[in-house]
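Notes to accompany the following structure.
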Amino acid sequence: MLRRYGLARVRGTSMLPTLSEGQLLLIRYAVRARPGDLVIARLPDAPSGQRRPLSVKRLIRYEHDGRVWLEADNHQAAHRVDSWTVGALPASAVTARVLLPMRHPRRRRSG
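To convert, take the position in the sequence shown, counting from 1, and add 38; that gives the working numbering.
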């Protein structure tokens, strides 16, 4: 079995303080996540029909019907989209599990 790993970059503030804007994540595809894990998920299209980008969310629980409940860590984020907004999602919406949030590289100062 092929084990697939990849990298993802955090965009937005919905996962603060756990993850920051621009932070790099080591992820693993095709692996079952457990409640409490950070996951990469495909959220439903926006009401306008525009496709949303893949998102980082926390897997809270598996529902009795096999769906998943996903939440942002930052409940104060202005534009957060999670299961409180779109409801429980099919388990297939979870595409990867976050294995390791990487530290931000230090910015070099010029001069």
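Positions of the beta carbon are idealized from the N, C-alpha and C atoms, including for glycine.
Note that the structure is a prediction, hence the values are computed from the model and not measured.
Look at the region 43-126 and you find these whole runs of beta strand (DSSP E), each 3 residues long or longer: 43-47, 62-67, 76-79, 93-100 and 105-109. Residue range 132-139 is occupied by the beta strand (DSSP E) that includes Arg-135. With the rule of 3 Cβ pairs closer than 8 Å, the region 83-90 does not count as touching the region 55-66.
Gln-61 sits close to Val-48, with the two beta carbons spaced by under 8 Å. Distance from Leu-108 to Ser-121 at the Cβ level is roughly 5 Å; contact confirmed, criterion being Cβ atoms closer than 8 Å.
Burial is judged here by how many other beta carbons sit within 10 angstroms of a residue's own beta carbon; Ser-52 has at least 16 and is buried. Only exposed fits Ala-116, as fewer than 16 other CB atoms lie within 10 angstroms of its CB. Looking at the backbone, the Cα of Arg-105 and that of His-113 are separated by about 21 Å.
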